[in-house]
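Count along the sequence shown from 1, then add 417; that gives the number in the numbering used here.
Note that beta-carbon positions come from the ideal geometry of N, C-alpha and C, so glycine has one too.
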Amino acid sequence: MSEKLQKVLARAGVGSRREMEKYIESNRVSVDGKVAKLGDRVEETSVIRVDGHIVKIEQQEERICRVLMYHKSEGELCTRRDPQGRRTVFDRLPKLDGDRWIAIGRLDINTSGLLLFTNDGELANRLMHPKYEVEREYSARVFGEVTNQTLRTLTKGVELEDGPAKFLKIKPLGGEGLNKWFNVTLTEGRNREVRRLWQSQDVEVSRLIRIRYGKLELNKRLPQGGWEELKLEDVNYLRKSVSMRAEQQTKLSVMPEKRKDKRAKINKIRKAVKKHNQRVKTPRRK
């Protein structure tokens with residue numbers, strides 16, 4: 418049976434379906450030697466190339482779906498490469514053999530917190546699609562006058578330049594003066610949507626942290642720039658929430674040997690320092 422080209426590429430882990438559509442529109446994809454067009458369908462025997470490189474789709478069913486939770490810090494970009502040489506979230510991710518990580522949504526450079534990555538393009542596409550209404554919760558520090566009417570307006574809905582938008586929930590957390598904290602929840606991830614919603618009421622967001630995606634909360638013990646791989650239970654929660662079949666196995670520990678080596682080196686240094694300090698403190702016998 419034939420399938421849409423962008424869907425096959427996404428499932429093969431090249432990128433999300435939306436990214437693949439952009440690749441096709443930019444003439445970066447070919448099928449059986451011909452430049453592909455948006456809407457093309459491919460067979461199992463089709464030879465697909467992206468930027469001249471063959472995509473091996475025959476092994477796509479063997480892929481084990483994997484998901485990383487990452488704690489993004491402010492100042493990092495959600496892009497694979499930056500022409501200006503600035504830090505990106507992909508710089509800190511572990512390497513995959515014959516596969517790649519795909520970001521499930523984005524956070525702007527001034528937003529920190531929970532970011533998810535997967536090697537499954539179809540899962541990434543569905544989790545980002547507004548059709549499935551996956552909740553995102555943010556903790557926002559805002560500056561400006563926030564009245565009860567302001568909160569009612571933001572939950573009822575306002576008109577932004579790219580269409581209507583609203584918060585599903587707003588939870589006041591207190592603060593001092595005109596600086597106050599709120600937890601806000603919405604079910605889509607348009608560009609800078611949280612900030613633009615507050616700005617529509619003449620209120621500025623001075624700090625923004627994503628703390629939850631679906632039911633998955635940011636691990637508070639995870640340092641900024643740190644990551645952890647999700648267990649099978651959490652991976653299947655994400656898959657079921659967007660009507661995908663459950664996985665039967667997982668593959669934790671992306672690069673366990675490097676982590677173990679790093680811990681071993683740290684422990685070795687600590688022991689050496691401790692031994693040295695004991696020698697210094699022990700008086701020499703005359």
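At the level of alpha carbons, what is the spacing between R607 and E491? Looking at the two C-alpha atoms, the distance is approximately 19 Å.
Expressed to the nearest angstrom, what Euclidean distance is found between the alpha-carbon atoms of D468 and I521? Straight-line spacing of the CA atoms in D468 and I521 works out to 23 Å.
Label S556 either buried or exposed according to how many other C-beta atoms from any shown protein chain fall within 10 Å of its C-beta, with 16 as the threshold for buried. So S556 counts as buried.
Taking the DSSP output, what are the residues bridged to R629? According to DSSP, R629 bridges with E554 and E634.
Would you identify the three-state DSSP class for S660, choosing helix, strand or coil? S660: coil per DSSP, three-state reduction.
Going by beta-carbon coordinates alone, are E420 and V459 separated by less than 8 Å? Yes; because the gap between Cβ atoms is below 8 Å, this pair is in contact.
Do A541 and V472 have their CB atoms nearer than 8 Å? Remark: C-beta atoms of A541 and V472 do not approach each other more closely than 8 Å.
Selection from S443, E461, W644 and P581 that minimises the alpha carbon distance to K454: Considering only S443, E461, W644 and P581, the residue with the shortest C-alpha distance to K454 is S443.
Leaving out five residues on either side along the sequence, give the residues of the same chain with a beta carbon under 6 Å from the beta carbon of I626. Here I626 has S529, G530 and S556 as same chain residues with Cβ atoms under 6 Å from its own Cβ, once five neighbours each way along the sequence are excluded.
I'd like to know if the segment 488-506 and the segment 590-604 are in contact, where contact means that at least 3 CB-CB pairs between them fall below 8 Å. Pairwise C-beta distances place the segment 488-506 out of contact with the segment 590-604, as fewer than three of them are shorter than 8 Å.
With 16 other CB atoms within 10 Å as the buried threshold, where does T564 fall? With fewer than 16 other Cβ atoms within 10 Å, it is exposed.
Taking the straight line between their C-alpha atoms, what separation do you get for M609 and L577? Strictly speaking, residue 609 in this sequence is Arg, with Met absent from that position. The straight-line gap separating the alpha-carbon atoms of R609 and L577 is approximately 11 Å.
Touch test, the segment 480-491 against the segment 627-646, Cβ-Cβ under 8 Å, three pairs minimum: A contact exists between the segment 480-491 and the segment 627-646.
What's the call for Q711, buried or exposed, on a 16-neighbour Cβ count within 10 Å? This structure cannot settle anything about residue 711, because the visible part of the chain is limited to 418 through 703.
For the segment 509-519 and the segment 647-657, state whether three or more C-beta atom pairs, one from each stretch, are separated by less than 8 Å. These segments do not touch.
With 8 Å as the threshold, decide whether the Cβ of S623 is near any Cβ in chain D. No chain D appears in this structure, which consists of one protein chain only.
If you reduce the DSSP assignment to three classes, tell me which class I526 lands in. Here I526 sits in coil by DSSP.
Top-ranked residue by Cα proximity to N636, from Q616, E539, V575 and L533: Residue nearest to N636 within the set Q616, E539, V575 and L533 is L533 (criterion: CA-CA distance).
Inspect the beta-carbon positions of G574 and P581 and report whether they are closer than 8 Å. Result yes, Cβ atoms of G574 and P581 sit closer than 8 Å.
With the cut-off set at 8 Å, would you say I481 and T667 are in Cβ contact? The beta carbons of I481 and T667 sit closer together than 8 Å.
V452 in three-state terms, based on DSSP: Three-state DSSP puts V452 in a strand.
With DSSP run on the structure shown, which of helix, strand or coil describes K583? Coil, per DSSP.
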